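Colleague:
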Amino acid sequence: MYLYDDIDRRMLADRAQEFRAQCARRLAGEINEDQFKPLRLMNGLYLQLHAYMLRIAIPYGTLSADQLRALAHVARTYDKGYGHFTTRTNLQLHWIKLRDAPDILDHLAEVGLHAIQTSGNCIRNLTADPYAGAAGDEVDDSRVWAEVIRQWSTFHPEFSYLPRKFKIAVTASPTDRAATRIYDIGLRLYRDADGELAFEVGVGGGLGRLPYIGAVIRERLPVRHLLSFLQAILRVYNLHGRRDNIHKARIKVLVASLGPDELARQVEAEWEASDKAAADLPHAELARIRAGFMPTGFEALPAVSRRFEAAKADSRALARFARHNLAPHKQPGYTIVHVSLKAIGETPGDCSADQMDLVADLADRYSHGEIRVAYEQNLILPHVKLDDVPDVHAALDAAGLATPNIALISDIIACPGLDYCALANARAIPVAQDIARRFADPDLAEKIGELKIKISGCINACGHHHVGHIGILGVDKKGEEYYQLSLGGSGEGDASIAQILGPAVPAARVAPFIDDLVGVYLAERRDGERFLDTVRRTGLAPFKAAAYADAH
Amino acid sequence: MLIEWRDGAAAAARDGFIALADDAPLADGDVILSWPRFQAEGEDLIARGRRVGVRLASAESPDVLAPVLDALSLVALEFPKFRDGRAYSGARLLRERMGWRGELRAVGDVLVEQAFLMIRCGFDAFEPADASTPADWTAAAARFAHVYQRAADSRPPAFAEREGV
Numbered sequence: 000m001y002l003y004d005d006i007d008r009r010m011l012a013d014r015a016q017e018f019r020a021q022c023a024r025r026l027a028g029e030i031n032e033d034q035f036k037p038l039r040l041m042n043g044l045y046l047q048l049h050a051y052m053l054r055i056a057i058p059y060g061t062l063s064a065d066q067l068r069a070l071a072h073v074a075r076t077y078d079k080g081y082g083h084f085t086t087r088t089n090l091q092l093h094w095i096k097l098r099d100a101p102d103i104l105d106h107l108a109e110v111g112l113h114a115i116q117t118s119g120n121c122i123r124n125l126t127a128d129p130y131a132g133a134a135g136d137e138v139d140d141s142r143v144w145a146e147v148i149r150q151w152s153t154f155h156p157e158f159s160y161l162p163r164k165f166k167i168a169v170t171a172s173p174t175d176r177a178a179t180r181i182y183d184i185g186l187r188l189y190r191d192a193d194g195e196l197a198f199e200v201g202v203g204g205g206l207g208r209l210p211y212i213g214a215v216i217r218e219r220l221p222v223r224h225l226l227s228f229l230q231a232i233l234r235v236y237n238l239h240g241r242r243d244n245i246h247k248a249r250i251k252v253l254v255a256s257l258g259p260d261e262l263a264r265q266v267e268a269e270w271e272a273s274d275k276a277a278a279d280l281p282h283a284e285l286a287r288i289r290a291g292f293m294p295t296g297f298e299a300l301p302a303v304s305r306r307f308e309a310a311k312a313d314s315r316a317l318a319r320f321a322r323h324n325l326a327p328h329k330q331p332g333y334t335i336v337h338v339s340l341k342a343i344g345e346t347p348g349d350c351s352a353d354q355m356d357l358v359a360d361l362a363d364r365y366s367h368g369e370i371r372v373a374y375e376q377n378l379i380l381p382h383v384k385l386d387d388v389p390d391v392h393a394a395l396d397a398a399g400l401a402t403p404n405i406a407l408i409s410d411i412i413a414c415p416g417l418d419y420c421a422l423a424n425a426r427a428i429p430v431a432q433d434i435a436r437r438f439a440d441p442d443l444a445e446k447i448g449e450l451k452i453k454i455s456g457c458i459n460a461c462g463h464h465h466v467g468h469i470g471i472l473g474v475d476k477k478g479e480e481y482y483q484l485s486l487g488g489s490g491e492g493d494a495s496i497a498q499i500l501g502p503a504v505p506a507a508r509v510a511p512f513i514d515d516l517v518g519v520y521l522a523e524r525r526d527g528e529r530f531l532d533t534v535r536r537t538g539l540a541p542f543k544a545a546a547y548a549d550a551h
Numbered sequence: 000m001l002i003e004w005r006d007g008a009a010a011a012a013r014d015g016f017i018a019l020a021d022d023a024p025l026a027d028g029d030v031i032l033s034w035p036r037f038q039a040e041g042e043d044l045i046a047r048g049r050r051v052g053v054r055l056a057s058a059e060s061p062d063v064l065a066p067v068l069d070a071l072s073l074v075a076l077e078f079p080k081f082r083d084g085r086a087y088s089g090a091r092l093l094r095e096r097m098g099w100r101g102e103l104r105a106v107g108d109v110l111v112e113q114a115f116l117m118i119r120c121g122f123d124a125f126e127p128a129d130a131s132t133p134a135d136w137t138a139a140a141a142r143f144a145h146v147y148q149r150a151a152d153s154r155p156p157a158f159a160e161r162e163g164v
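If you read the sequences in order, they're chains B and Y. Straight run, no breaks: the first sequence in numbering that gives the first Met the number 0 ends on number 551. Straight run, no breaks: the second sequence in numbering that gives the first Met the number 0 ends on number 164.
1. Span of the beta strand (DSSP E) holding Phe84(B)?
2. Would Phe154(B) count as contacting chain Y if we go by Cβ distances under 8 Å?
3. To the nearest angstrom, how far is the alpha carbon of Gly470(B) from that of Asp14(Y)?
4. Three or more beta-carbon pairs under 8 Å between the segment 192-211 of chain B and the segment 508-520 of chain B, yes or no?
5. Gly399(B): which of Ser63(B), Phe292(B), Asp353(B) and Ser366(B) sits nearest, CA to CA?
6. How would you label Val303(B), buried or exposed, when you count the other beta carbons within 10 angstroms and need 16 or more for buried?
7. How about Asp83(Y) and Tyr236(B): do their beta carbons lie closer than 8 Å?
8. What did DSSP end up calling Arg535(B) once you bin it into helix, strand or coil?
9. What is the residue span of the alpha helix (DSSP H) that Phe16(Y) lies within?
10. Can the beta-carbon of Ser131(Y) be found closer than 8 Å to that of Val106(Y)?
11. If you draw a straight line from the C-alpha of His93(B) to the C-alpha of His465(B), how long is it?
12. Could you list which residues in chain B have their beta carbon closer than 9 Å to that of Asp83(Y), in chain order?
13. Can you have a look at Glu369(B) and say buried or exposed, based on whether 16 or more other CB atoms are within 10 angstroms of its CB?
14. Cutting at 6 Å between CB atoms, please list the residues of its own chain near Gly111(B), excluding the five before and the five after it.
15. Report back the beta-carbon spacing between Pro259(B) and Ile216(B) to the nearest angstrom; my notes put them in contact at under 8 Å.
16. For a cutoff of 8 Å on Cβ pairs, would you count Phe158(Y) as touching chain B?
17. Identify whether Phe165(B) lies in helix, strand or coil by the three-state DSSP scheme.
18. Using alpha carbons as the reference points, say which of Ser314(B), Asp175(B), Gly204(B) and Arg223(B) lies closest to Lys251(B).
19. Met10(B) touches chain Y at which residues, Cβ-Cβ below 7 Å?
20. So what's Trp99(Y) in DSSP terms, helix, strand or just coil?
21. Looking at the C-beta of Arg142(B), does it have a partner C-beta in chain Y at a distance below 8 Å?
22. Against chain B, with Cβ distances strictly below 8 Å, would Glu162(Y) count as a contact?
23. Which residue wins for smallest C-alpha separation from Arg39(B), given the options Arg9(B), Pro58(B), Pro101(B) and Gly28(B)?
24. Taking all protein chains shown into account, do 16 or more other C-beta atoms lie within 10 angstroms of the C-beta of Ala144(Y), making it buried, or fewer, making it exposed?
25. Please confirm whether Asp139(B) has its beta-carbon closer than 8 Å to some beta-carbon of chain Y.
26. Considering Leu395(B), what are the terminal residues of the alpha helix (DSSP H) in which it resides?
27. Less than 8 Å between the beta carbons of Asp386(B) and Phe438(B), yes or no?
28. Can the beta-carbon of Pro133(Y) be found less than 8 Å from the beta-carbon of Ala11(Y)?
29. Any beta-carbon of chain Y closer than 8 Å to the one on Leu238(B)?
30. Kindly indicate which three-state DSSP category Gln483(B) falls into: helix, strand or coil?
31. Using a C-beta cutoff of 8 Å, does Ala150(Y) count as contacting chain B?
32. From Tyr211(B) to Gln113(Y), what distance separates their C-alpha atoms?
33. Name, please, each residue of chain B whose Cβ falls closer than 9 Å to the Cβ of Ala95(Y).
34. Using C-beta distances below 7 Å, list every residue in its chain close to Trp270(B), excluding the 5 sequence neighbours before and after it, in chain order.
35. DSSP on Ile428(B), reduced to helix/strand/coil?
36. Have a look at Leu209(B) and Phe154(B) and give me their C-alpha separation to the nearest angstrom.
So, in structure tokens, the structure goes:
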């Protein structure tokens with residue numbers, strides 16, 4: 000993976016130094032909370048229900064083993080010994096003391112980590128394909144482009160006070176594993192008819208109060224013009240995005256009000272008028288960044304591992320793990336291993352410091368020292384030899400990290416919800432735990448197959464409920480926590496917004512309700528249909544009828 | 000107080016202009032007018048030998064100044080709140096596309112915490128709203144040894160520094 004050079008490291012050190020001075024002024028009472036708030040937010044420090052929360056960026060979800068160990072150290076030393084991986088592939092620590100924040104940032108900076116632009120109305124942490132560099136279906140390593148954008152967007156002088164936050168995702172594979180269609184800008188890399196790399200540029204996706212799938216405003220952008228084109232989009236948005244209403248300030252509202260064609264016209268006009276050569280990245284720099292992501296150290300191995308096949312034949316648990324937690328690697332004899340942070344009854348996305356250390360050690364030993372964070376709130380060891388899978392599985396299993404449930408009903412996305420978050424209307428974590436317990440039987444979960452449940456504790460939709468096969472939104476009804484269910488969403492290549500099923504139900508009824516929906520699916524499904532396919536074919540009616548049968 | 004940015008440092012400066020509200024009687028000397036008032040009175044004042052600047056609200060595009068830019072002595076861009084970042088784009092367009100070389104002044108909710116951004120976008124004069132001093136501005140502008148992207152200033156971006164090595 001790309002290693003920070005002296006310039007990158009100096010940027011982080013300067014930033015940590017700046018924040019230390021700002022914290023000192025706050026602790027000395029020289030500035031008040033109102034003046035301090037925007038400064039701390041730009042360093043990822045939120046004031047939540049019980050304490051400060053620090054949101055640490057994990058750029059494009061790629062971590063080295065040393066970085067993960069540093070996160071473990073910070074979680075152990077300055078928090079309660081665990082952290083929460085989010086749908087933005089950041090790590091949140093929820094029990095931070097202000098006086099410790101500068102030391103934490105110093106410690107993170109030593110390993111090339113930071114909390115820069117994890118809040119505020121700026122360009123946020125980049126998202127890329129968590130399988131980048133390992134996926135057989137990619138046309139390029141999406142992290143190359145994410146790193147290009149990370150550097151360009153860091154402390155950008157023009158785009159640090161946008162109308163609202165701004166999120167960019169990059170994928171380089173026909174299978175969209177980065178949810179690019181729900182991003183402010185979704186960049187999809189492909190090879191055109193001449194074999195040249197180009198981006199399809201989508202703009203204005205987003206969830207929250209007004210969910211939208213992004214519109215394509217340019218079908219073919221030569222990759223060398225990426226930064227000048229991004230500058231044009233951001234400039235049009237900065238100048239014309241709404242600033243009078245926080246709920247209408249995202250670029251999706253500008254796209255919706257102008258229409259994608261008019262927005263595209265304005266962006267193209269701005270782009271044509273701009274000095275592209277000044278904005279675009281020189282080829283030499285692109286080559287330097289690309290070199291940082293070049294694959295190293297793969298061995299020539301047979302595509303089938305006899306050791307692994309024999310071990311699977313001996314162990315049902317390993318065989319099940321292999322069915323659900325592995326993905327094909329482009330290199331014969333290697334595989335991509337998912338580390339589930341969705342153990343039944345645990346908090347989705349939570350990871351203890353000890354677990355982080357263990358995964359870091361496994362990465363060093365078995366996965367070229369690399370770890371990925373997926374937006375589904377799981378970790379990934381991207382480069383594991385098939386020969387080593389039995390050992391990796393055993394080690395993960397002993398630490399509660401081998402739940403064989405990736406993309407199954409208990410692999411639930413959930414935001415921190417009212418247990419932590421000041422914005423939430425309802426809790427998300429206990430609802431996820433309830434559902435996971437109800438479907439704890441792995442045979443049942445396997446029979447149900449792919450089913451993505453996504454839970455948000457409020458309309459801001461950090462839990463992506465709009466794009467869940469089953470989406471669950473926490474609402475407040477006269478002081479009581481209720482949950483509104485919707486069906487048929489997807490955040491992937493076949494992106495769609497879920498439709499609301501009916502009236503919200505109290506917390507205790509959510510898991511039984513899911514049971515009813517699964518029952519309808521199992522009765523209705525045709526060969527090979529996923530839950531989502533059945534919902535799309537039948538519509539909501541049979542699900543509605545079963546789930547609300549008691550109400551009649 | 001007016002702070003000017005010259006040759007990599009901030010210095011206190013005497014403000015040679017009077018900023019006139021739209022309903023204020025015309026004053027003697029050099030004046031800064033809103034864009035609506037400039038359209039009514041500006042060219043006449045310039046013809047009489049006054050130095051005149053225009054103050055643009057954050058919703059007003061610098062493009063409107065194109066026909067009169069050569070006659071102006073100053074452009075001021077307003078930050079109604081420090082969080083309203085439109086003037087950063089306005090400043091870059093004036094400097095990099097419209098060729099404005101004269102004074103570009105940041106007015107309104109102008110805070111030293113944004114010094115680094117404003118200077119990079121081409122502002123060279125500031126009316127701070129937070130009692131910050133020229134020394135504060137010089138220090139704030141120097142917080143980062145490197146920058147990652149080209150803007151309206153002359154700082155070499157990281158990729159140019161890397162190529163130079």
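Built from N, CA and C at the ideal position, the CB exists for glycine as well. Since the structure is predicted, the reported quantities are computational estimates derived from the model, not experimental observations.
Modeller: By the coordinates alone:
1. Within the first sequence, the letter at position 85 stands for residue 84(B). Start and end: Tyr81 to Phe84.
2. Here residue 154(B) corresponds to residue number 155 of the first sequence, with the count starting at 1. Chain Y, which has a Cβ nearer than 8 Å to the Cβ of Phe154(B), makes this yes.
3. In the first sequence, the residue the question calls residue 470(B) occupies position 471. In the second sequence, the residue the question calls residue 14(Y) occupies position 15. The alpha-carbon atoms of Gly470(B) and Asp14(Y) are separated by roughly 59 Å.
4. no
5. If you number the first sequence from 1, residue 399(B) lands on position 400. Among Ser63(B), Phe292(B), Asp353(B) and Ser366(B), the Cα nearest to that of Gly399(B) belongs to Asp353(B).
6. Taking the first sequence and counting its residues from 1, the one referred to as residue 303(B) is at position 304. The residue in question, Val303(B), is exposed, as its Cβ has fewer than 16 Cβ neighbours within 10 Å.
7. Position 84 of the second sequence, counted from the first residue, corresponds to residue 83(Y). Position 237 of the first sequence, counted from the first residue, corresponds to residue 236(B). The answer is no: Cβ separation not under 8 Å.
8. Counted from its first residue, the first sequence places residue 535(B) at position 536. Note: Arg535(B) maps to helix in three-state DSSP.
9. As a first step, residue 16(Y) must be located in the second sequence, where it is residue number 17. Phe16(Y) -> not in any alpha helix (DSSP H); beta strand (DSSP E) instead, spanning Phe16 to Ala18.
10. As a working mapping, residue 131(Y) is identified with position 132 in the second sequence. As a working mapping, residue 106(Y) is identified with position 107 in the second sequence. Not a contact, by the Cβ cut-off of 8 Å.
11. In the first sequence, counting from the first residue as 1, residue 93(B) sits at position 94. In the first sequence, counting from the first residue as 1, residue 465(B) sits at position 466. About 25 Å.
12. Indexing the second sequence from 1 puts residue 83(Y) at position 84. Correct list: Tyr160, Pro162 and Arg242.
13. One-based indexing of the first sequence puts residue 369(B) at position 370. With 16 or more Cβ atoms within 10 Å of its Cβ, Glu369(B) is classed as buried.
14. To locate residue 111(B), count along the first sequence from 1; it is residue 112. Excluding sequence neighbours, Gly111(B) sits near Tyr3.
15. Residue mapping note: residue 259(B) aligns to position 260 of the first sequence, counting from 1. Residue mapping note: residue 216(B) aligns to position 217 of the first sequence, counting from 1. The pair is a contact, with the Cβ atoms about 6 Å apart (cut-off 8 Å).
16. As a position in the second sequence, residue 158(Y) is number 159, starting the count at 1. Yes - at least one Cβ of chain B is within 8 Å of the one on Phe158(Y).
17. Residue numbering aside, residue 165(B) sits at position 166 when the first sequence is read from its first letter. Here Phe165(B) sits in strand by DSSP.
18. By 1-based counting over the first sequence, the position of residue 251(B) is 252. Taking only the C-alpha atoms, the option nearest Lys251(B) is Gly204(B).
19. In the first sequence, residue 10(B) corresponds to position 11, counting from 1. Ordered by position in chain Y, the residues that pass the 7 Å Cβ test against Met10(B) are Phe143 and His145.
20. For this step, residue 99(Y) is matched to residue 100 along the second sequence. Correct three-state label for Trp99(Y): coil.
21. For this step, residue 142(B) is matched to residue 143 along the first sequence. By this cut-off, Arg142(B) is not an interface position.
22. Residue 162(Y) sits at position 163 when you count from the first residue of the second sequence. Taking Cβ atoms only, chain B reaches closer than 8 Å to Glu162(Y), which makes this a yes.
23. Start at 1 with the first residue of the first sequence, and residue 39(B) comes out as number 40. Out of Arg9(B), Pro58(B), Pro101(B) and Gly28(B), Pro101(B) has the C-alpha closest to the C-alpha of Arg39(B).
24. In the second sequence, residue 144(Y) corresponds to position 145, counting from 1. Classification of Ala144(Y): exposed, given that the 10 Å Cβ count is below 16.
25. Along the first sequence, read from residue 1 onward, the residue named residue 139(B) stands at position 140. No, because no Cβ of chain Y sits closer than 8 Å to the Cβ of Asp139(B).
26. Translated into positions along the first sequence, residue 395(B) becomes position 396. That run of the alpha helix (DSSP H) goes Val388 to Ala397.
27. Here residue 386(B) is taken as the residue at index 387 of the first sequence, counted from 1. Here residue 438(B) is taken as the residue at index 439 of the first sequence, counted from 1. No, the pair does not count as a contact, with Cβ atoms beyond the cut-off.
28. As a working mapping, residue 133(Y) is identified with position 134 in the second sequence. As a working mapping, residue 11(Y) is identified with position 12 in the second sequence. Contact: yes.
29. Numbered from its first residue, the first sequence carries residue 238(B) at position 239. It does; some Cβ of chain Y falls within 8 Å.
30. Position 484 of the first sequence, counted from the first residue, corresponds to residue 483(B). Correct three-state label for Gln483(B): strand.
31. If you number the second sequence from 1, residue 150(Y) lands on position 151. It does; some Cβ of chain B falls within 8 Å.
32. For this step, residue 211(B) is matched to residue 212 along the first sequence. For this step, residue 113(Y) is matched to residue 114 along the second sequence. Those two C-alpha atoms are separated by around 33 Å.
33. Sequence index remark: in the second sequence, residue 95(Y) carries index 96 (1-based). In the sequence as displayed, the identity of residue 95(Y) is Glu instead of Ala. Residues of chain B passing the Cβ test: Ser273, Asp274 and Ala277.
34. Residue 270(B) sits at position 271 when you count from the first residue of the first sequence. Same-chain partners within the cutoff: Ser227, Phe228 and Ala231.
35. Stepping through the first sequence from its first residue, residue 428(B) is reached at position 429. Correct three-state label for Ile428(B): helix.
36. What you label residue 209(B) is simply residue 210 of the first sequence in a count that begins at 1. What you label residue 154(B) is simply residue 155 of the first sequence in a count that begins at 1. Each residue's alpha carbon lies about 29 Å from the other.
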